[in-house]
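**Student:** Take this structure, written in structure tokens, and hold onto it; I'll ask about it next.
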Ligand code: GDP
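Residue numbers (full-length UniProt numbering): 57 to 354.
Below is the structure:
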């Protein structure tokens, strides 16, 4: 299952293995702190977590490594709760979702998975192929839409902002529940990506004064500190409302979520709506702090 893949991946941090000994002493805390840092949690979050753990152990007079493991699971869960927020569909119609991310982050795959999940939940979804710079990206989205009976708005070599505008307008006219606007992750020219994305955001707003309702960044969970830098840069430009963190299967780097939650590198703790745990359609799962903490410390 996806949960066991997440567990297997995150288990490579070997945090779980640290608890196999029975002693609760300084070296246990040291090992835990190092393992958290190795998992990309960063120094700041790791220190905070271990300090909170020490306090709990003292206060509750915990004796065994097993009890400490459970305490750390609680501490990490509380910490990650800053990122936990359900993705809500239905209150606004159509819900306009702009999706950004650098090439290779897993944007196209995640859009497919997300559209699939939303349709399965009964929502009518319209996709806008906003990456007009990569013909392959557009073709991929159209083909994917055909296979999965999801409508796709595309325009050959057109202005991505115009595609976004058309999609939002069509979303209203066709009574869609969700309009998802894909965007380019890299431009072929010297044009600044962030300026292009800001323009798309402005044009979406022109088509619907309440939109975009969600601005999501797809970020590769394997890229560690670079993921934080991306979150910061895209948030500054676009005012993100949520993240999709991909490729958390088969990786030791899940700690990056702890770093995100603690506002490392000047990032706001932005909700992680979904995590990518594989390449199949069902491998996009809502982020649940406790499940994630359990997988990391399992
Ligand atoms: P884009 O350039 O951002 O649109 O990236 P793609 O969606 O094309 O994904 C790049 C590669 O990452 C593809 O091979 C995907 O199958 C893979 N990928 C995306 N998400 C995940 C994930 O959660 N887990 C794994 N293992 N692979 C993923």
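Cβ coordinates follow ideal geometry from the N, Cα and C atoms, glycine included. The structure displayed is predicted, hence computed values, not measured ones.
#1: Measure the C-alpha to C-alpha separation of residue 329 and residue 84 and round it to an integer number of angstroms.
#2: Measure the C-alpha to C-alpha separation of residue 333 and residue 312 and round it to an integer number of angstroms.
#3: Consider the Cβ of residue 342: report whether some Cβ of chain D lies at a distance smaller than 8 Å.
#4: Any contact of the region 149-159 with the region 236-244, i.e. 3+ C-beta pairs under 8 Å?
#5: Please go through the region 194-257 and give each complete alpha helix (DSSP H) segment of 4 or more residues, from N-terminal end onward.
#6: Using the C-alpha atoms, what's the distance from residue 258 back to residue 249?
#7: Since residue 306 and residue 72 should fall inside the 8 Å C-beta cutoff, what is the C-beta to C-beta distance between them, to a whole number of angstroms?
#8: What residues match up with residue 155 in a beta bridge as DSSP calls it?
#9: For residue 198, I'd like the list of residues in its chain whose CB is within less than 8 Å of its CB, leaving aside the five on either flank, ordered along the chain.
#10: Residue 296 by DSSP, collapsed to three states: which one?
#11: Measuring only from the beta carbon, is residue 333 closer than 7 Å to any heavy atom that is part of the ligand NAD?
#12: Is residue 309 near the ligand GDP, in the sense that its beta carbon is under 7 Å from a heavy atom of that ligand?
#13: DSSP on residue 56, reduced to helix/strand/coil?
#14: Could you please give the first and the last residue of the uninterrupted alpha helix (DSSP H) stretch that includes residue 111?
#15: Pick out whichever of 206, 309, 267 and 225 has its Cα sitting closest to the Cα of residue 296.
#16: Taking buried to mean at least 16 other C-beta atoms within 10 Å of its own C-beta, is residue 99 buried or exposed?
#17: Applying the 10 Å Cβ sphere with the 16-neighbour rule, what's the burial state of residue 120?
#18: Could you tell me whether any non-hydrogen atom of the ligand GDP is closer than 7 Å to the CB of residue 318?
#19: Consult DSSP for residue 88 and reduce its assignment to one of helix, strand or coil.
#20: Residue 256 and residue 220 - do their beta-carbons sit closer together than 8 Å?
#21: Within the present structure, is the beta-carbon of residue 239 separated from the nearest heavy atom of the ligand GDP by less than 7 Å?
#22: What ranges does the alpha helix (DSSP H) occupy inside the region 286-337, keeping only unbroken runs of at least 4 residues that lie completely in it?
#23: Leaving out five residues before and five after residue 179 in sequence, what residues of the same chain have Cβ atoms less than 7 Å from its Cβ?
#24: If I follow the unbroken alpha helix (DSSP H) through residue 353, where does it start and stop?
#25: Just how far apart, CA to CA, sit residue 142 and residue 218?
#26: Anyone know if the C-beta pair for residue 283 and residue 291 falls short of 8 Å?
#27: Specify, as a first and last residue, the run of the beta strand (DSSP E) that residue 182 falls within.
#28: In angstroms, rounded to a whole number, what distance separates the CA positions of residue 65 and residue 265?
#29: Is it buried or exposed, residue 60, if we count other Cβ atoms within 10 angstroms and call 16 or more buried?
**Tutor:** Short version:
#1: 33 Å
#2: 15 Å
#3: Among the chains of the structure shown, chain D does not appear; only one protein chain is present.
#4: yes
#5: If one requires a minimum length of 4 residues, the alpha helix (DSSP H) runs lying completely within the region 194-257 are 216-229, in chain order.
#6: 14 Å
#7: Between the beta-carbon of residue 306 and that of residue 72 there is about 16 Å, and that puts the pair past the 8 Å contact cut.
#8: 238 and 272
#9: 185, 208 and 210
#10: In the three-state reduction of the DSSP assignment, residue 296 falls in the coil class, being assigned neither a helical nor a strand state.
#11: Among the ligands in the structure shown, the ligand NAD does not appear; only the ligand GDP can be found there.
#12: no
#13: Residue coverage of the chain in this structure runs from 57 to 354, which leaves residue 56 outside it and unanswerable.
#14: Unbroken alpha helix (DSSP H) run through residue 111: 98-115.
#15: 267
#16: Exposed: under 16 other Cβ atoms inside 10 Å.
#17: exposed
#18: no
#19: helix
#20: yes
#21: no
#22: Segments of the alpha helix (DSSP H) lying fully in the region 286-337: 312-317.
#23: 145, 233 and 234
#24: Element bounds for residue 353: 345-353.
#25: 30 Å
#26: no
#27: 181-184
#28: Taken atom to atom, the span from the alpha-carbon of residue 65 to that of residue 265 is near 42 Å.
#29: exposed
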